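Visitor: Chains as they are written, first to last, in this note's numbering: chain X, 139 to 425; chain F, 2 to 265.
Glycine included, each C-beta is placed from N, C-alpha and C at the ideal position.
Note that the coordinates shown come from a computational prediction; the quantities given were computed from them, not determined experimentally.
Before I ask anything, let me first share the structure, which is written out below as structure tokens.
Here it is, written out as structure tokens:
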């Protein structure tokens, strides 16, 4: 019986839009990565043996990156990879014995131990059974919490702590999730922007915007609300345009939107987003 | 066809157009596939998603996770749910029979859907590097919007694209293809009408680069020679479909990188 050979017949491409990208080594799972013998394999690669030949194949869709002899594939979309000392914002998903579990946009939930929070009164003492029963009085399911990554456990979980007056429950503000790689690790993650809005830039891509730094909410004005909304849309614009998010870039987009007289609701329109982000992009390109 | 970037997969020496090889949907060869349309990343809420269309068969697939999961095994668990929409044009009889009520189709999965879900989980569990995601669960849900034959093969292909789109580590991309024996001929990528007339069908999921079969589902009866031929042609056609997935992923990557301003 004869076996047919298949071939793909394509219609002519409408345009050569992807031509400028041809020099970037894009790979997909199962494709062979051209290497020398002495390459060091890193994430996103797999050494597969077929017969006597050993070839390096990619396991994720992404860009082949080489640093000297290290070969890795960087995925296009990534989850947050925690590191000790990162400032993160998490949402409490459930309570387990003596701990809260938080969603921090990582592959696994983060854990906040009861012994890693400051009890009211600021005194250091043993956590009693009574404290364990009262855990929901601090954080309950659905609460947003700012915290710091304390350590990474052997099984890949991360433990958080809120042992500082800066950290704790967040309320009376706006929550904006962005791509985690846009928030760079910096000395400062709690900012008071020039327009007066307080921003917490979590390393995990979760951002919290509020009118005041205090944890408790209170009376507010429509003008303040609009200001927070404009900052939120500026952050979303930076996310769409893939520009690193910091106080300088947020304010650049914020000011540009006011200068151009852009309405709040128009800031997320693709053409306007590109326009108001021009300044921020050149800012990052110069840095 | 009506949609954007379509590709036609066909046997290389194009078979002569004869009435004997004419198929019910106008194809002119037993080995000709229907036009394929693929799209990735269209659901913002899912970690990865894919839409696959081959002729009249249309499938959505979404991947959520990996998420933390307290399981007994160390490795990640792939959990799959395959559903046929009520309006997909098939399985309505089995569904109402299982649901008991004739007037309103039941909401719960039929036995066949459960079985195919387990089959998909097996396939994806083979290709995914489950050891990279300890104690977590990857959830895959697929919905057949319209069923015009070879729908489970479409589900497997869409799931592979959605998994790659979610950035989950896999040894290779898998793609699936159905071959059926209709009137004594081995017919690749059968439509619903041909599937009804077929004496037997075989669905093969194949990793094109590694060269391994990840799943094989045979129904009905066929001669052993025909089975071997069907598997062989199915694998070859699946390799071509893998090429389409590759093109789709590369296009997606280009789009993302362009937005990041790395292409300029």
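#1: Expressed to the nearest angstrom, what Euclidean distance is found between the alpha-carbon atoms of residue 259 of chain F and residue 239 of chain F?
#2: With distances taken between CB atoms, is the gap from residue 53 of chain F to residue 155 of chain F smaller than 7 Å?
#3: Is the beta carbon of residue 203 of chain F closer than 7 Å to that of residue 195 of chain F?
#4: Can you pull the chain X residues whose beta carbon is under 8 Å from the beta carbon of residue 130 of chain F, in chain order?
#5: Would you mind giving the Cβ-Cβ distance between residue 227 of chain X and residue 338 of chain X, rounded to the nearest angstrom? I have them listed as a contact below 8 Å.
#6: If you run the structure through DSSP and keep just helix, strand and coil, what is residue 197 of chain F?
#7: Kindly give me the distance between the Cβ atoms of residue 120 of chain F and residue 190 of chain F, rounded to whole angstroms, as I take these residues to be in contact under 8 Å.
#8: Quick check: the Cα distance between residue 283 of chain X and residue 386 of chain X, rounded to an integer number of angstroms?
#9: What residues in the region 309 to 320 of chain X have a beta carbon less than 7 Å from any beta carbon of chain F?
#10: Could you have a look at residue 326 of chain X and say whether DSSP puts it in helix, strand or coil?
#11: Does the structure place the region 156 to 163 of chain F close enough to the region 187 to 198 of chain X that three or more beta carbon pairs sit under 8 Å?
#12: Could you compute how far the alpha carbon of residue 200 of chain F sits from the alpha carbon of residue 62 of chain F?
#13: I'd like to know whether the C-beta of residue 36 of chain F is nearer than 7 Å to at least one C-beta of chain X.
#14: Going along chain X in order, which residues have a C-beta closer than 9 Å to the C-beta of residue 39 of chain F?
#15: To the nearest angstrom, report how far apart residue 164 of chain X and residue 201 of chain X are at their CA atoms.
#16: Quick one, are the C-beta atoms of residue 197 of chain X and residue 182 of chain X less than 7 Å apart?
#17: Just to confirm my understanding: we take residue 171 of chain F, look at its own chain, exclude 5 residues before and 5 after, and list those with CB closer than 7 Å. What are they?
#18: According to DSSP, is residue 138 of chain F part of a helix, a strand, or is it coil?
#19: How about residue 375 of chain X and residue 400 of chain X: do their beta carbons lie closer than 7 Å?
#20: Return yes when the Cβ of residue 366 of chain X is within less than 7 Å of the Cβ of residue 316 of chain X, no when it is not.
#21: Please report the Cβ distance between residue 149 of chain F and residue 57 of chain F, rounded to the nearest whole angstrom; I am assuming they are in contact, meaning their Cβ atoms lie under 8 Å.
#22: Please compile the residues from chain F whose C-beta is within a distance smaller than 9 Å of the C-beta of residue 370 of chain X.
#23: Which residue comes first and which comes last in the alpha helix (DSSP H) that contains residue 274 of chain X?
#24: Quick one: is residue 241 of chain F buried, meaning 16 or more other Cβ sit within 10 Å of its Cβ, or exposed?
#25: Do residue 419 of chain X and residue 383 of chain X have their beta-carbon atoms positioned less than 7 Å apart in this structure?
#26: Cβ closer than 7 Å: which chain F residues qualify as neighbours of residue 246 of chain X?
#27: What did DSSP end up calling residue 360 of chain X once you bin it into helix, strand or coil?
#28: Can you give the Cα-Cα distance for residue 265 of chain F and residue 276 of chain X, rounded to whole angstroms?
#29: Among F:42, F:135, F:144, F:39, which one has its Cα closest to the Cα of residue 115 of chain F?
#30: Between which residues of its own chain and residue 329 of chain X is the CB-CB distance below 6 Å, once the five residues before and five after are set aside?
#31: Name the chain X residues that come within less than 7 Å of residue 247 of chain F, Cβ to Cβ?
#32: Between residue 173 of chain F and chain X, is there a C-beta pair that is closer than 7 Å?
#33: Using a Cβ cut-off of 7 Å (strictly closer), state whether residue 144 of chain X contacts chain F.
#34: Using a Cβ-Cβ distance cut-off of 7 Å, determine whether residue 212 of chain X contacts chain F.
#35: Under the three-state reduction of DSSP, which class applies to residue 30 of chain F: helix, strand or coil?
#36: Let me confirm a value: residue 253 of chain F is counted as buried when at least 16 other C-beta atoms fall within 10 Å, else exposed. Which label applies?
Guide: By the coordinates alone:
#1: Working through the second chain from its first residue, we reach residue 259 of chain F at position 258. Working through the second chain from its first residue, we reach residue 239 of chain F at position 238. Approximately 30 Å, taken between the alpha carbons.
#2: Residue numbering aside, residue 53 of chain F sits at position 52 when the second chain is read from its first letter. Residue numbering aside, residue 155 of chain F sits at position 154 when the second chain is read from its first letter. It is a contact, given that the beta carbons lie within the stated cut-off.
#3: Counted from its first residue, the second chain places residue 195 of chain F at position 194. Counted from its first residue, the second chain places residue 203 of chain F at position 202. It is not a contact, given that the beta carbons lie outside the stated cut-off.
#4: Indexing the second chain from 1 puts residue 130 of chain F at position 129. Result: 184, 197.
#5: For the purposes of this step, residue 227 of chain X is identified with residue 89 of the first chain, where counting begins at 1. For the purposes of this step, residue 338 of chain X is identified with residue 200 of the first chain, where counting begins at 1. Right, their Cβ atoms sit about 6 Å apart.
#6: The count along the second chain starts at 1 and reaches residue 197 of chain F at position 196. Reduced to three states, the DSSP call for residue 197 of chain F is helix.
#7: Taking the second chain and counting its residues from 1, the one referred to as residue 120 of chain F is at position 119. Taking the second chain and counting its residues from 1, the one referred to as residue 190 of chain F is at position 189. Rounded, the Cβ-Cβ distance is 19 Å, inconsistent with contact.
#8: Position 145 of the first chain, counting from 1, holds the residue named residue 283 of chain X. Position 248 of the first chain, counting from 1, holds the residue named residue 386 of chain X. If I take the Cα positions, the gap works out to 25 Å.
#9: none
#10: Translated into the one-based positions of the first chain, residue 326 of chain X becomes position 188. Correct three-state label for residue 326 of chain X: coil.
#11: Touching, no, given that fewer than three Cβ pairs across the two stretches are closer than 8 Å.
#12: For the purposes of this step, residue 200 of chain F is identified with residue 199 of the second chain, where counting begins at 1. For the purposes of this step, residue 62 of chain F is identified with residue 61 of the second chain, where counting begins at 1. Cα to Cα, residue 200 of chain F sits roughly 29 Å from residue 62 of chain F.
#13: Taking the first residue of the second chain as 1, we reach residue 36 of chain F at position 35. It does not: the Cβ of residue 36 of chain F has no partner Cβ on chain X nearer than 7 Å.
#14: Within the second chain, the letter at position 38 stands for residue 39 of chain F. Going along chain X, no residue has its Cβ under 9 Å from residue 39 of chain F, so there is no contact; the nearest lies around 12 Å.
#15: For the purposes of this step, residue 164 of chain X is taken as residue 26 along the first chain, with counting starting at 1. For the purposes of this step, residue 201 of chain X is taken as residue 63 along the first chain, with counting starting at 1. The C-alpha of residue 201 of chain X is placed about 5 Å away from the C-alpha of residue 164 of chain X.
#16: Within the first chain, residue 197 of chain X is the residue found at index 59, counting from 1. Within the first chain, residue 182 of chain X is the residue found at index 44, counting from 1. Yes, Cβ-Cβ distance for residue 197 of chain X and residue 182 of chain X is below 7 Å.
#17: As a working note, residue 171 of chain F is residue 170 in the second chain. If we look at residue 171 of chain F and ignore the five residues flanking it on each side, its Cβ neighbours are 128, 129, 130, 164, 165.
#18: Walking along the second chain from the start, residue 138 of chain F turns up at place 137. The three-state reading of DSSP puts residue 138 of chain F in strand, counting E and B together.
#19: Start at 1 with the first residue of the first chain, and residue 375 of chain X comes out as number 237. Start at 1 with the first residue of the first chain, and residue 400 of chain X comes out as number 262. No; because the gap between Cβ atoms is not below 7 Å, this pair is not in contact.
#20: Here residue 316 of chain X refers to the residue found at position 178 when the first chain is read from its first residue. Here residue 366 of chain X refers to the residue found at position 228 when the first chain is read from its first residue. No. Outside cutoff.
#21: The sequence position of residue 149 of chain F within the second chain is 148, counting from 1. The sequence position of residue 57 of chain F within the second chain is 56, counting from 1. Indeed they touch by this definition, with Cβ atoms about 3 Å apart.
#22: Taking the first chain and counting its residues from 1, the one referred to as residue 370 of chain X is at position 232. None at all; the shortest Cβ gap to chain F is about 17 Å.
#23: For this step, residue 274 of chain X is matched to residue 136 along the first chain. Taken as a continuous stretch (DSSP letters only), the alpha helix (DSSP H) holding residue 274 of chain X covers 273 to 276.
#24: By one-based count along the second chain, residue 241 of chain F stands at place 240. Residue 241 of chain F is buried by the Cβ-count criterion.
#25: Position 245 of the first chain, counting from 1, holds the residue named residue 383 of chain X. Position 281 of the first chain, counting from 1, holds the residue named residue 419 of chain X. No, the pair does not count as a contact, with Cβ atoms beyond the cut-off.
#26: Stepping through the first chain from its first residue, residue 246 of chain X is reached at position 108. For residue 246 of chain X, the neighbours in chain F by C-beta distance under 7 Å run, in chain order, 69, 137.
#27: Counted from its first residue, the first chain places residue 360 of chain X at position 222. Here residue 360 of chain X sits in helix by DSSP.
#28: Working through the second chain from its first residue, we reach residue 265 of chain F at position 264. Working through the first chain from its first residue, we reach residue 276 of chain X at position 138. Low confidence applies here, because residue 265 of chain F scores a pLDDT of 33, under 50, leaving its location unreliable; read the following figure in that light. Answer to the nearest angstrom: the Cα atoms are 49 Å apart.
#29: In the second chain, the residue the question calls residue 115 of chain F occupies position 114. Nearest of F:42, F:135, F:144, F:39 to residue 115 of chain F, Cα basis: F:144.
#30: Here the question's residue 329 of chain X lines up with position 191 in the first chain. Result list for residue 329 of chain X: 337, 385, in chain order.
#31: Sequence index remark: in the second chain, residue 247 of chain F carries index 246 (1-based). Here the neighbours are 166.
#32: By 1-based counting over the second chain, the position of residue 173 of chain F is 172. Yes - at least one Cβ of chain X is within 7 Å of the one on residue 173 of chain F.
#33: Position 6 of the first chain holds residue 144 of chain X. It does: the Cβ of residue 144 of chain X has a partner Cβ on chain F nearer than 7 Å.
#34: The residue given as residue 212 of chain X occupies position 74 in the first chain. Among the CB atoms of chain F, none fall inside 7 Å of the CB of residue 212 of chain X.
#35: Mapped onto the second chain, residue 30 of chain F falls at position 29. If DSSP states are grouped into helix, strand and coil, residue 30 of chain F belongs with coil.
#36: For the purposes of this step, residue 253 of chain F is identified with residue 252 of the second chain, where counting begins at 1. Residue 253 of chain F comes out buried.
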